[in-house]
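Student:
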Amino acid sequence: MKLVKNAAGREVPESLPGIGKLEPFQGAYVRTPLVRREKGSRTLPRLNKIVETLEQAVLKSGLQDGMTVSFHHHFREGDFVVNMVMDIIANLGIKNLTLASSSLTTCHAPLVEHIRKGVIKRIYTSGLRGELADEISHGLMDTPVLIHSHGGRARAVETGQLPIDVAFLGVPSCDLYGNANGFSGKSACGSLGYAIVDARNAKKVILITDNLVEYPNTPFSIDQDRVDSIVIVDAIGDPKGIATGATRMTRDPRELLIAEMAAQVIVASGYFEDGFSLQTGSGGAALAVTRFLREKMLERNIKASFALGGITSQIVKMHEEGLIKRILDVQSFDLEAVRSIGENRYHTEIDASYYANPLNKGCVVNKLNVVVLSAMEIDTEFNVNVITGSDGIIRGASGGHSDTAIGSGLSVIVAPLVRGRTPTVIDRVTTIVTPGETVDVLVTDHGVAVNPRRPEVLERLKAARLPVYPIEELKKKAEKVTGTPEPLQFGKKVVALVEYRDGTIIDVIREIHP
Amino acid sequence: MRILHTGSAGTLESSDVLITVERNPEKGLVIELESISEARFGNRIREVIFETLKKLQVQDVKVRVQDRSALDCTIRARLTAAIFRAAGIEKYPWEELE
Amino acid sequence: MLYVPGNSAAMVKDAHIYRPDTVMFDLEDSVSYREKDAARFLVYQTLRTIDYEGVETAVRINGLDTPYGKDDIEAMVRARPNIIRIPKTEKAQDVTDVETEIERVERKIGLPSGTIKLFAAIETPLGVLNAREIACSSNRLLGIALGAEDLVTSLRTTRSKDGIELYYARSQVLYAARVAGINAIDTVYSNVQDEEGFLAEVKLIKQLGFDGKSVIQPNQIKLVHRVYTPTEEDVHKALRVLEAIREAEVKGSGVIALDGRMIDKPVVERARWTIELAKASGVIPEEVKV
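Pasting the structure below:
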């Protein structure tokens, strides 16, 4: 055995049979660069990851042409981060990037210029809206955008199919070492569920905050040990666009009519029993269903084991009343939800993979009993379109739609039969996001349709004397009112691919001529 | 029927249509359609306007249509009202209208 | 009876989705003078085109004493709603005059005479005093409705929560309707935010004997139905009464008793009426025999 003297003055072996080569101690600081160097000195600044400017952070990350950058959409229409970062990247002359944001909204219109100038070459997102969506629908990009569900994005990131080079994550509160959460600060957004997946899997993680807090910032959603740099800016978002005070329940009589009918469907379906779990959309008729379900829950003394998804003040209130035992929150929609998740240990933040990744060891949509979703279009096979409008332009998001539809025991779509002059129920949807095999019931203001794949549900709804019709009949009713729409004229160019949650391509969106 | 001056009927509220009718000094029918339903129903809307004008025996007219997703029946109603207003007629020829 | 402003394109085309018993398109007070013609065409076209899926249709026309009434009748008879509602009816002649006009147009277009039914709204003190003659004035008349908004102003008072100021008018309208064998419908409740107040008023008029209520917001419809729908208990009791009658008839006994109480004609009538209402509300299936 050959021994060498190490930097502590001790003799240690260089190798041993059965173990292999060994490294002798070379000094406390030599191999662990991040720790403080001059112990004992009180005048040195504390170690932190703060970088002066966003530009420096970008440079430090080593971002190059062709790499992939990522963002989350927890700030919704109030987001400043995507535009702020992309402007800096553009100024640095970096090009051909892949932009992977968990979703994009109307406030991201400035990306159009970056695309034109070649800064962005590819986009992965759950949704597109506004000018950016218009331009892409009209053929702005050479490479099709990839639309994926929330669960699908988590799958892609975790399996390495979507490798993120640099994640730029806006965080409402952050300490100097990178513990971050969304529970406090002027830009508080509640759950950081989509950001967490990126923070865990990206090669480099840059946190951008407008609220530096004392160390350690517990409880933390993003762990300091994942974070490379932190940049402090004036504002990461517009609070008014991030979260309203409390989500207002619709007062529209039509939406209330549909919501009440949907609640009756759920009650009669066989899935309404003590301990059931529920997810609803965050607005319109889908959210209003909670109001009517709540009445029934009180009447029959039925409590929900958990509510999932995008969480609003209505869900929080029902939990605080004792009607919903736990809340699993991947996105907090209003300040009530933000308050609750910050204070209450039974209102738990979950990340996008836990939420809906179909390939992990078990995501929570698998445990969901009832989900209430909306639809822009639904066809006679129950396929649902939530992404393209009746004019062929992208203006929606895949979101958790296909994840929850398949995971739930009962998936209920609520939608008016006709919107303006556009029929919702048609022969063939413009774009399939959620396949009809996973959609169980459609509730409209003109009646209910049950997927023939669920004959037992159909029987129960009929026994409850609900107005059930074959979906073809609802389609005919719609057409009678609106007249038959002319088919859309699409071009050949594919502007977006719609990826199903398992990574396969379920549909394409082609260029539409203006 | 002779169009004497400009007449309009309807509103810009959702599901309605604002139709303005005026004489066309150059002969013939001109339809100016502004509609969010253009892609799917543009032709049908023009057809309804054309049929209604024919029924009312109106020629040489400019029709400006600001559509907010109105159904055929609404378009017919608003156009009819606009035409009678533009023609200054208050005694409606109901037999012909049916 | 759901009021729908006749010039609202959005509302006229699908008011029936809220399943009121009757949908009433208004050409009168909710339409401004400048839009009377436009509203007329809109209601005409919509009635001729849209399928209201079994919901009864009615139109409130302008009175014959206005420049619009005659044209309204001409257009609306051609539109073929189930009912034409006459506003501010003060005497039997008001009804007869409208009926004559309707008759004329029906003949012109070849509709069997009597196709279009009538409803008369009583909205003035004189109308209230003449309720009986109005209610008996025409075979076409299906019912009379009370319109309180104008009435209370003419009485020089205001509407109150317990409605004492309307007691006489409601009674007159109700009694007149019963004498004529037609329906009595109560006035609208305009405070759409006040659900409790609305419910209280519906309970009151149901107790008085009214057959229904005018509503101005779809959310009010289910509240009216809730009050008017017989409870399970009511239905059960009624079925037992009718069962007892049947048994008695079979046995040939004269006096019928149930639970130690005599069942006489009024009790049977009420039981039958309860079952009718239960069937109409869908609480029991149509096929149940009584």
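Sequence lines, in order, name chains A, B and C. 2 is the number of the first residue of the first sequence in this note's numbering; add one for each residue after it. 367 is the number of the first residue of the second sequence in this note's numbering; add one for each residue after it. 14 is the number of the first residue of the third sequence in this note's numbering; add one for each residue after it. Beta carbons: idealized from backbone N, C-alpha and C, even for Gly.
#1: Check whether the Cβ atoms of residue 183(A) and residue 82(A) lie closer than 7 Å to each other.
#2: Given that a residue counts as buried once 16 or more other Cβ atoms are within 10 Å of its Cβ, and exposed if not, what is residue 29(A)?
#3: Around the Cβ of residue 387(B), are there at least 16 other Cβ atoms within 10 angstroms (buried) or fewer (exposed)?
#4: Measure from the alpha carbon of residue 98(C) to the alpha carbon of each residue in 105(C), 118(C), 199(C) and 75(C), then state which is nearest.
#5: Out of curiosity, what's the CA-to-CA distance linking residue 233(C) and residue 216(C)?
#6: My output table needs one value for residue 398(B): the three-state DSSP class, helix, strand or coil.
#7: Would you mind telling me which residues of chain C sit closer than 7 Å to residue 516(A), beta carbon to beta carbon, in chain order?
#8: Can you tell me which of the three DSSP states residue 314(A) falls into?
#9: Using 10 angstroms around the beta-carbon of residue 130(C), count the other beta-carbons present and answer buried if the total reaches 16, otherwise exposed.
#10: Based on the DSSP secondary-structure assignment, which residues constitute the bridge partners of residue 383(A)?
#11: Between the stretch 378-389 of chain A and the stretch 429-446 of chain A, are three or more C-beta pairs nearer than 8 Å?
#12: For the stretch 426-439 of chain B, enumerate the residues whose C-beta is nearer than 8 Å to any C-beta of chain C, in chain order.
#13: Got a sec: is the Cβ-Cβ distance from residue 453(B) to anything in chain A below 7 Å?
#14: Between 16(C), 111(C), 122(C) and 230(C), which has its C-alpha nearest residue 258(A)'s C-alpha?
#15: If we call anything under 7 Å between Cβ atoms a contact, is residue 148(C) one with residue 190(C)?
#16: How long is the line joining the alpha carbons of residue 292(A) and residue 473(A), rounded to whole angstroms?
#17: Could you check where the alpha helix (DSSP H) with residue 244(A) kicks off and where it finishes?
#18: For chain A, check one thing: does any of its Cβ atoms lie closer than 7 Å to the Cβ of residue 231(C)?
#19: With 7 Å set as the bound, which would you pick, yes or no: does the beta-carbon of residue 55(C) sit closer than that to a beta-carbon of chain B?
#20: Measure the Cβ-Cβ separation of residue 270(A) and residue 411(A) and say whether it is below 7 Å.
#21: Roughly how many angstroms lie between the CA atoms of residue 54(C) and residue 25(C), to the nearest whole one?
#22: Is it right to say residue 315(A) is buried, meaning 16 or more other beta carbons lie within 10 angstroms of its own, or is it exposed?
#23: Would you mind telling me which residues of chain A sit closer than 9 Å to residue 195(C), beta carbon to beta carbon, in chain order?
#24: Going by alpha carbons, who is nearest to residue 444(A) out of 332(A), 220(A) and 255(A)?
#25: In whole angstroms, what is the alpha-carbon distance linking residue 167(C) and residue 471(A)?
#26: Taking the straight line between their C-alpha atoms, what separation do you get for residue 11(A) and residue 27(A)?
#27: Would residue 30(C) count as contacting chain A if we go by Cβ distances under 7 Å?
#28: Can you give the beta carbon distance from residue 466(A) to residue 295(C), rounded, assuming they're within the 8 Å contact cut?
#29: Going by C-alpha distance, which of 452(B), 385(B) and 390(B) is nearest residue 400(B)?
#30: So is residue 416(B) buried or exposed if we call it buried at 16+ other beta carbons inside 10 Å?
#31: Is the stretch 397-410 of chain A in contact with the stretch 490-502 of chain A, if contact means three or more CB pairs nearer than 8 Å?
#32: Are there 16 or more other CB atoms within 10 angstroms of the CB of residue 423(A), so buried, or fewer, so exposed?
#33: According to DSSP, is residue 494(A) part of a helix, a strand, or is it coil?
#34: Mind checking the stretch 57-68 of chain C against chain B and listing, in chain order, the residues whose C-beta falls within less than 8 Å of any C-beta there?
#35: Whose Cβ in chain C lies nearer than 8 Å to the Cβ of residue 254(A)?
#36: Let me see if you follow: with CB-CB separation under 7 Å, is residue 446(B) close to chain C or not?
Tutor: Based on what the coordinates show:
#1: No.
#2: By the neighbour-count rule (16 or more Cβ atoms within 10 Å), residue 29(A) is not buried but exposed.
#3: Flag for residue 387(B) reads buried.
#4: When only C-alpha atoms are compared, the closest one is 75(C).
#5: Rounded to the nearest angstrom, the two C-alpha atoms are 13 Å apart.
#6: Strand at residue 398(B).
#7: With chain A covering 2 to 515 only, the question about residue 516(A) has no answer from this structure.
#8: Taken through DSSP and simplified to helix, strand or coil, residue 314(A) comes out as helix.
#9: Label assigned to residue 130(C): buried.
#10: DSSP output for residue 383(A) lists no bridge partner at all.
#11: The stretch 378-389 of chain A makes contact with the stretch 429-446 of chain A: 3 or more CB pairs, one atom from each, lie closer than 8 Å.
#12: The residues in question are 436, 437, 438 and 439.
#13: No, its Cβ sits nowhere closer than 7 Å to a Cβ of chain A.
#14: Cα-wise, what sits closest to residue 258(A) is 230(C).
#15: Judged by beta-carbon spacing, residue 190(C) lies within the 7 Å limit of residue 148(C), meaning their Cβ atoms are closer than that value.
#16: Near 30 Å, if we compare the C-alpha coordinates of residue 473(A) and residue 292(A).
#17: Careful: residue 244(A) lies outside any alpha helix (DSSP H) and carries neither H nor E.
#18: Residue 231(C) belongs to the set of residues whose beta carbon lies under 7 Å from a beta carbon in chain A.
#19: By this cut-off, residue 55(C) is an interface position.
#20: Remark: C-beta atoms of residue 270(A) and residue 411(A) approach each other more closely than 7 Å.
#21: Approximately 12 Å between the Cα atoms of the pair.
#22: That one is buried.
#23: Here the premise fails: no neighbours, minimum Cβ distance about 30 Å.
#24: Closest option to residue 444(A), Cα to Cα, is 255(A).
#25: Computed Cα separation, rounded: 53 Å.
#26: Taking the straight line from one Cα to the other gives about 11 Å.
#27: Yes, residue 30(C) lies at the interface with chain A (some Cβ there is under 7 Å from its Cβ).
#28: Rounded, the Cβ-Cβ distance is 6 Å, consistent with contact.
#29: Taking only the C-alpha atoms, the option nearest residue 400(B) is 385(B).
#30: The residue in question, residue 416(B), is exposed, as its Cβ has fewer than 16 Cβ neighbours within 10 Å.
#31: Contact between the stretch 397-410 of chain A and the stretch 490-502 of chain A is present, because at least three Cβ pairs lie under 8 Å.
#32: Per the 10 Å Cβ criterion, buried.
#33: Here residue 494(A) sits in strand by DSSP.
#34: Residues passing the 8 Å Cβ filter: 57, 58, 59, 61, 62 and 63.
#35: Those are 31, 230, 231 and 232, listed as they occur along chain C.
#36: Output row for residue 446(B): interface = yes.
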